[in-house]
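Engineer:
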Amino acid sequence: MADRESLTSPGRVSGQAPPVSKHCVNQTSRGETIIMALPNQHPQVRRTVVAAASRTVPPVVRATEDDVPNVARLVAEAFCPLRAAQWVVPDPARRQAAIAGRVGILVEHALRHGHVDLLADGSAVAVWLHHQWPSAVPPNLNAPLDTECGPFADRFRTMRTWFEAHHPPQPHHHVAVLAVRPERQGTGRGTRLLRAHHQVLDAGGIPSYLEVAGIRGANLCDREGYRLFAEPFGPPGTTLFYPMWRMPGCRALAAQQTSDLAHRSAKTPVTPVRSFAPGRVSHAGHR
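The sequence shown begins at 350 in our numbering and counts up one residue at a time.
1. Which residue comes first and which comes last in the beta strand (DSSP E) that contains D466?
2. Report the residue ranges of all beta strand (DSSP E) runs contained in full by the stretch 519-574; include only those spanning at least 3 residues, in chain order.
3. Which of the three DSSP states is assigned to H516 in this structure?
4. Helix, strand or coil, according to DSSP, for F578 in the structure here?
5. Check the C-beta distance from D466 over to V409 and give it rounded, since I have them as a contact under 8 angstroms.
6. P430 by DSSP, collapsed to three states: which one?
7. With respect to the beta strand (DSSP E) encompassing V438, which residues constitute its N-terminal and C-terminal limits?
8. Have a look at M508 and A421 and give me their C-alpha separation to the nearest angstrom.
9. Does any residue of chain C have a CB that is nearer than 8 angstroms to the CB of H547?
10. What is the DSSP secondary structure of P597, reduced to helix, strand or coil?
11. Measuring only the C-alpha atoms, how far is Y558 from P500?
12. Kindly indicate which three-state DSSP category L423 falls into: helix, strand or coil?
13. If I'm right that G463 touches H479 with Cβ under 8 angstroms, what's the distance once you round it to whole angstroms?
14. Please classify A567 as buried or exposed, where buried requires at least 16 neighbouring CB atoms within 10 angstroms.
15. Mind checking which residues open and close the beta strand (DSSP E) that includes A475?
16. In angstroms with no decimal places, state the Cα-to-Cα distance between R506 and E426.
17. Please report the distance separating the alpha-carbon of L569 from that of A475.
18. Run through the DSSP bridge pairs and tell me what P592 is partnered with.
19. Between which two residues does the beta strand (DSSP E) holding V409 run?
20. Hey, how far is the Cα of A446 from the Cα of A528?
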(Lines of atoms letter the chains of each structure in order from A; the text may use other names.)
(Lines give C-alpha, C1' and ligand atoms only; values in the text may rest on other atoms or scores of the structure.)
Protein backbone atom coordinates (compact mmCIF):
# COMPACT_ATOMS: atom_id res chain seq x y z
CA MET A 350 0.00 0.00 0.00
CA ALA A 351 1.11 3.54 -0.60
CA ASP A 352 2.64 5.99 1.76
CA ARG A 353 1.02 9.42 1.75
CA GLU A 354 3.83 10.81 -0.40
CA SER A 355 3.09 8.41 -3.26
CA LEU A 356 -0.61 9.23 -3.70
CA THR A 357 -1.39 10.47 -7.18
CA SER A 358 -3.41 13.64 -7.69
CA PRO A 359 -5.78 13.56 -4.71
CA GLY A 360 -8.34 16.34 -4.82
CA ARG A 361 -11.99 17.20 -4.25
CA VAL A 362 -14.59 16.24 -6.78
CA SER A 363 -16.07 19.73 -6.84
CA GLY A 364 -12.97 21.28 -8.39
CA GLN A 365 -9.78 20.59 -10.25
CA ALA A 366 -7.36 18.32 -8.43
CA PRO A 367 -4.56 20.32 -6.77
CA PRO A 368 -0.89 19.49 -7.30
CA VAL A 369 0.28 16.36 -5.54
CA SER A 370 1.32 17.13 -1.97
CA LYS A 371 2.04 14.95 0.99
CA HIS A 372 -0.38 17.11 2.98
CA CYS A 373 -3.28 17.40 0.54
CA VAL A 374 -5.09 14.25 1.73
CA ASN A 375 -5.48 15.95 5.10
CA GLN A 376 -7.41 18.89 3.58
CA THR A 377 -10.74 17.11 3.90
CA SER A 378 -13.66 16.93 6.27
CA ARG A 379 -16.24 14.27 7.06
CA GLY A 380 -18.78 13.72 4.31
CA GLU A 381 -16.73 15.23 1.49
CA THR A 382 -15.84 13.28 -1.61
CA ILE A 383 -12.26 13.18 -2.81
CA ILE A 384 -10.63 11.82 -5.93
CA MET A 385 -7.54 9.75 -5.24
CA ALA A 386 -5.83 6.61 -6.40
CA LEU A 387 -3.38 4.28 -4.75
CA PRO A 388 -0.53 2.86 -6.85
CA ASN A 389 -1.56 0.41 -9.58
CA GLN A 390 -5.04 1.94 -9.71
CA HIS A 391 -6.48 3.49 -12.83
CA PRO A 392 -8.58 5.49 -13.22
CA GLN A 393 -8.70 7.57 -10.06
CA VAL A 394 -11.48 6.64 -7.67
CA ARG A 395 -14.08 8.81 -5.95
CA ARG A 396 -14.17 8.14 -2.22
CA THR A 397 -16.34 9.42 0.60
CA VAL A 398 -14.52 10.77 3.65
CA VAL A 399 -15.80 8.85 6.68
CA ALA A 400 -13.72 10.70 9.29
CA ALA A 401 -11.66 13.84 8.87
CA ALA A 402 -7.91 13.81 9.37
CA SER A 403 -6.32 14.40 12.74
CA ARG A 404 -2.97 16.08 13.30
CA THR A 405 -1.08 12.82 12.85
CA VAL A 406 -3.42 10.44 10.99
CA PRO A 407 -4.90 10.88 7.49
CA PRO A 408 -8.66 10.91 6.91
CA VAL A 409 -10.68 7.70 6.86
CA VAL A 410 -12.24 6.99 3.46
CA ARG A 411 -14.64 4.32 2.25
CA ALA A 412 -12.90 1.69 0.11
CA THR A 413 -14.23 0.48 -3.23
CA GLU A 414 -13.77 -2.55 -5.48
CA ASP A 415 -10.69 -0.87 -6.95
CA ASP A 416 -8.99 -1.13 -3.55
CA VAL A 417 -9.34 -4.91 -3.13
CA PRO A 418 -5.85 -5.88 -4.44
CA ASN A 419 -4.10 -3.18 -2.40
CA VAL A 420 -6.07 -4.01 0.74
CA ALA A 421 -5.28 -7.72 0.35
CA ARG A 422 -1.55 -6.97 0.03
CA LEU A 423 -1.62 -4.64 3.04
CA VAL A 424 -3.31 -7.22 5.25
CA ALA A 425 -0.96 -9.99 4.10
CA GLU A 426 2.05 -7.80 4.85
CA ALA A 427 0.73 -7.02 8.33
CA PHE A 428 -0.30 -10.61 9.17
CA CYS A 429 2.64 -12.58 7.76
CA PRO A 430 4.83 -12.10 10.87
CA LEU A 431 2.17 -13.64 13.15
CA ARG A 432 2.94 -17.16 14.32
CA ALA A 433 -0.62 -18.14 13.47
CA ALA A 434 -0.02 -17.07 9.87
CA GLN A 435 3.15 -19.16 9.83
CA TRP A 436 1.10 -22.14 11.00
CA VAL A 437 -1.51 -21.63 8.29
CA VAL A 438 1.10 -21.22 5.53
CA PRO A 439 4.40 -22.84 6.64
CA ASP A 440 6.16 -21.96 3.38
CA PRO A 441 7.48 -18.37 3.76
CA ALA A 442 7.89 -18.00 0.01
CA ARG A 443 4.17 -18.58 -0.52
CA ARG A 444 2.73 -17.13 2.68
CA GLN A 445 2.01 -13.58 1.57
CA ALA A 446 0.36 -14.58 -1.70
CA ALA A 447 -1.83 -17.20 0.01
CA ILE A 448 -2.97 -14.80 2.73
CA ALA A 449 -3.62 -12.06 0.18
CA GLY A 450 -5.78 -14.48 -1.81
CA ARG A 451 -7.84 -15.36 1.26
CA VAL A 452 -8.21 -11.73 2.33
CA GLY A 453 -9.29 -10.70 -1.15
CA ILE A 454 -12.24 -13.10 -0.91
CA LEU A 455 -13.23 -11.60 2.44
CA VAL A 456 -12.87 -7.98 1.31
CA GLU A 457 -15.03 -8.55 -1.76
CA HIS A 458 -17.64 -10.12 0.50
CA ALA A 459 -17.46 -7.19 2.96
CA LEU A 460 -18.07 -4.67 0.19
CA ARG A 461 -21.42 -6.42 -0.39
CA HIS A 462 -22.35 -7.28 3.21
CA GLY A 463 -20.66 -4.55 5.22
CA HIS A 464 -18.08 -1.90 4.43
CA VAL A 465 -14.32 -1.35 4.31
CA ASP A 466 -12.66 1.74 5.81
CA LEU A 467 -9.22 2.76 4.60
CA LEU A 468 -6.83 5.49 5.67
CA ALA A 469 -6.29 7.84 2.75
CA ASP A 470 -2.56 7.15 2.65
CA GLY A 471 -3.19 3.41 2.32
CA SER A 472 -1.43 2.57 5.58
CA ALA A 473 -4.27 0.84 7.45
CA VAL A 474 -7.62 -0.81 6.82
CA ALA A 475 -10.66 -2.01 8.77
CA VAL A 476 -12.96 -4.60 7.19
CA TRP A 477 -16.42 -4.59 8.77
CA LEU A 478 -19.19 -7.18 8.30
CA HIS A 479 -22.72 -6.20 9.30
CA HIS A 480 -24.22 -9.25 11.00
CA GLN A 481 -27.98 -9.24 11.13
CA TRP A 482 -30.35 -12.19 10.96
CA PRO A 483 -29.11 -14.46 9.48
CA SER A 484 -25.35 -14.15 9.69
CA ALA A 485 -23.66 -11.97 7.09
CA VAL A 486 -21.15 -14.71 6.30
CA PRO A 487 -22.62 -17.29 3.91
CA PRO A 488 -21.66 -20.98 4.12
CA ASN A 489 -20.00 -20.87 0.69
CA LEU A 490 -17.36 -18.29 1.64
CA ASN A 491 -14.86 -21.17 1.83
CA ALA A 492 -15.60 -22.27 -1.73
CA PRO A 493 -12.90 -20.20 -3.52
CA LEU A 494 -10.15 -21.20 -1.07
CA ASP A 495 -8.79 -24.05 -3.18
CA THR A 496 -8.23 -21.67 -6.07
CA GLU A 497 -6.84 -18.76 -4.07
CA CYS A 498 -4.88 -20.60 -1.37
CA GLY A 499 -3.81 -23.84 -3.04
CA PRO A 500 -2.41 -26.55 -0.75
CA PHE A 501 -3.00 -24.40 2.35
CA ALA A 502 -6.78 -24.21 1.87
CA ASP A 503 -7.50 -26.84 4.53
CA ARG A 504 -5.63 -24.88 7.20
CA PHE A 505 -7.52 -21.73 6.26
CA ARG A 506 -10.74 -23.72 6.66
CA THR A 507 -9.59 -24.96 10.07
CA MET A 508 -8.92 -21.39 11.18
CA ARG A 509 -12.33 -20.30 9.99
CA THR A 510 -13.95 -23.15 11.93
CA TRP A 511 -12.27 -21.89 15.11
CA PHE A 512 -13.39 -18.32 14.44
CA GLU A 513 -16.97 -19.41 13.76
CA ALA A 514 -17.07 -21.46 16.96
CA HIS A 515 -16.45 -18.30 19.01
CA HIS A 516 -18.65 -15.94 17.03
CA PRO A 517 -21.69 -14.53 18.90
CA PRO A 518 -25.08 -15.02 17.20
CA GLN A 519 -26.53 -11.65 18.21
CA PRO A 520 -26.80 -8.88 15.56
CA HIS A 521 -23.67 -6.74 15.55
CA HIS A 522 -20.94 -5.28 13.35
CA HIS A 523 -17.85 -7.46 13.13
CA VAL A 524 -14.31 -6.18 12.68
CA ALA A 525 -13.29 -9.05 10.43
CA VAL A 526 -9.88 -7.48 9.72
CA LEU A 527 -7.96 -4.59 11.27
CA ALA A 528 -4.48 -4.22 9.78
CA VAL A 529 -1.75 -1.57 9.77
CA ARG A 530 1.39 -1.58 7.67
CA PRO A 531 4.25 -2.85 9.88
CA GLU A 532 6.26 0.40 9.69
CA ARG A 533 3.19 2.43 10.75
CA GLN A 534 2.08 0.25 13.66
CA GLY A 535 1.91 1.95 17.04
CA THR A 536 0.97 5.32 15.52
CA GLY A 537 -2.75 5.34 16.34
CA ARG A 538 -3.93 4.26 12.90
CA GLY A 539 -5.84 1.17 13.99
CA THR A 540 -7.48 3.08 16.82
CA ARG A 541 -8.46 5.83 14.39
CA LEU A 542 -10.22 3.33 12.14
CA LEU A 543 -12.09 1.74 15.04
CA ARG A 544 -13.27 5.05 16.45
CA ALA A 545 -14.50 6.25 13.06
CA HIS A 546 -17.12 3.49 12.96
CA HIS A 547 -17.67 3.33 16.71
CA GLN A 548 -19.29 6.77 16.39
CA VAL A 549 -21.87 5.27 14.04
CA LEU A 550 -22.39 2.21 16.24
CA ASP A 551 -22.81 4.27 19.39
CA ALA A 552 -25.36 6.54 17.70
CA GLY A 553 -27.32 3.54 16.45
CA GLY A 554 -27.06 1.42 19.60
CA ILE A 555 -25.24 -1.36 17.74
CA PRO A 556 -22.69 -3.65 19.46
CA SER A 557 -19.48 -4.77 17.78
CA TYR A 558 -17.22 -7.80 17.92
CA LEU A 559 -13.66 -8.67 16.97
CA GLU A 560 -11.00 -11.31 17.40
CA VAL A 561 -7.68 -9.64 18.14
CA ALA A 562 -4.28 -11.34 17.96
CA GLY A 563 -2.12 -11.23 21.08
CA ILE A 564 -2.35 -9.65 24.52
CA ARG A 565 -1.05 -6.29 23.27
CA GLY A 566 -3.92 -6.05 20.80
CA ALA A 567 -6.35 -7.10 23.53
CA ASN A 568 -5.06 -4.27 25.72
CA LEU A 569 -5.64 -1.73 22.96
CA CYS A 570 -9.16 -2.97 22.27
CA ASP A 571 -9.95 -3.04 25.97
CA ARG A 572 -9.25 0.70 26.09
CA GLU A 573 -11.80 1.19 23.30
CA GLY A 574 -14.52 -0.54 25.32
CA TYR A 575 -14.15 -4.15 24.13
CA ARG A 576 -14.41 -6.91 26.72
CA LEU A 577 -13.19 -10.49 26.53
CA PHE A 578 -16.10 -12.91 26.70
CA ALA A 579 -14.71 -16.31 25.62
CA GLU A 580 -11.51 -18.28 25.80
CA PRO A 581 -8.65 -17.15 23.57
CA PHE A 582 -8.03 -19.62 20.77
CA GLY A 583 -5.55 -20.38 18.01
CA PRO A 584 -3.25 -23.04 16.60
CA PRO A 585 -1.25 -24.84 19.31
CA GLY A 586 1.89 -22.97 20.30
CA THR A 587 1.11 -19.89 18.21
CA THR A 588 -0.59 -16.52 18.47
CA LEU A 589 -3.77 -16.53 20.55
CA PHE A 590 -6.84 -14.71 19.26
CA TYR A 591 -8.96 -12.93 21.89
CA PRO A 592 -12.73 -12.78 21.15
CA MET A 593 -13.98 -9.39 22.39
CA TRP A 594 -17.38 -7.72 22.46
CA ARG A 595 -18.21 -4.03 22.72
CA MET A 596 -21.55 -2.59 23.77
CA PRO A 597 -22.36 0.81 22.25
CA GLY A 598 -20.98 3.67 24.33
CA CYS A 599 -18.60 1.43 26.28
CA ARG A 600 -15.47 3.48 25.56
CA ALA A 601 -16.58 6.20 27.97
CA LEU A 602 -16.92 3.60 30.71
CA ALA A 603 -13.60 2.02 29.78
CA ALA A 604 -11.83 5.36 30.13
CA GLN A 605 -13.00 5.59 33.76
CA GLN A 606 -11.87 2.13 34.72
CA THR A 607 -8.48 0.60 35.35
CA SER A 608 -8.21 -2.25 32.90
CA ASP A 609 -7.16 -5.60 34.29
CA LEU A 610 -5.63 -6.41 30.93
CA ALA A 611 -3.35 -3.37 31.10
CA HIS A 612 -1.72 -4.71 34.25
CA ARG A 613 -0.91 -8.12 32.86
CA SER A 614 2.37 -8.97 31.25
CA ALA A 615 2.53 -10.30 27.72
CA LYS A 616 3.45 -13.71 29.15
CA THR A 617 0.47 -13.95 31.49
CA PRO A 618 -2.67 -15.45 29.95
CA VAL A 619 -5.94 -13.62 30.48
CA THR A 620 -8.44 -15.52 32.59
CA PRO A 621 -11.33 -16.08 30.18
CA VAL A 622 -15.00 -15.75 30.89
CA ARG A 623 -16.70 -19.11 30.38
CA SER A 624 -20.05 -17.84 29.16
CA PHE A 625 -21.53 -14.98 27.20
CA ALA A 626 -24.96 -13.41 27.50
CA PRO A 627 -26.10 -10.70 25.09
CA GLY A 628 -25.96 -7.26 26.67
CA ARG A 629 -24.03 -8.50 29.67
CA VAL A 630 -20.36 -8.91 28.87
CA SER A 631 -18.04 -9.12 31.84
CA HIS A 632 -14.39 -9.87 32.35
CA ALA A 633 -12.36 -10.07 35.54
CA GLY A 634 -14.78 -8.03 37.58
CA HIS A 635 -15.69 -5.26 35.14
CA ARG A 636 -18.30 -4.85 32.46
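All C-beta atoms, glycine included, are put in the ideal place defined by N, C-alpha and C. Bear in mind that the values here come from a model prediction, so they are computed numbers and not experimental data.
Structural biologist: So, from the data block:
1. Counting along the chain, D466 sits inside the beta strand (DSSP E) bounded by residues 463-468.
2. Qualifying beta strand (DSSP E) stretches, in chain order: 521-529, 557-562.
3. DSSP, reduced to helix, strand and coil, places H516 outside both helices and strands of the structure shown, so it counts as coil.
4. Three-state result, F578: coil.
5. Contact holds; Cβ gap of about 5 angstroms.
6. P430 falls in the coil class under three-state DSSP.
7. First-last for V438: undefined, no H or E at that position.
8. Approximately 18 angstroms between the Cα atoms of the pair.
9. The displayed structure is made up of one protein chain only, and chain C is not part of it.
10. DSSP places P597 outside both helix and strand once states are collapsed to three, so it counts as coil.
11. Straight through space, the alpha carbons of P500 and Y558 are spaced by roughly 30 angstroms.
12. Note: L423 maps to helix in three-state DSSP.
13. Contact flag correct, Cβ pair sits at about 5 angstroms.
14. Looking at its Cβ environment, which holds 16 or more other Cβ atoms inside 10 Å, A567 is buried.
15. A475 -> beta strand (DSSP E) spans 473-480.
16. Cα-Cα distance, rounded: 21 angstroms.
17. About 15 angstroms.
18. E560, per the DSSP bridge assignment.
19. Segment 409-411, the beta strand (DSSP E) holding V409.
20. A straight-line Cα-Cα distance of about 16 angstroms links A446 and A528.
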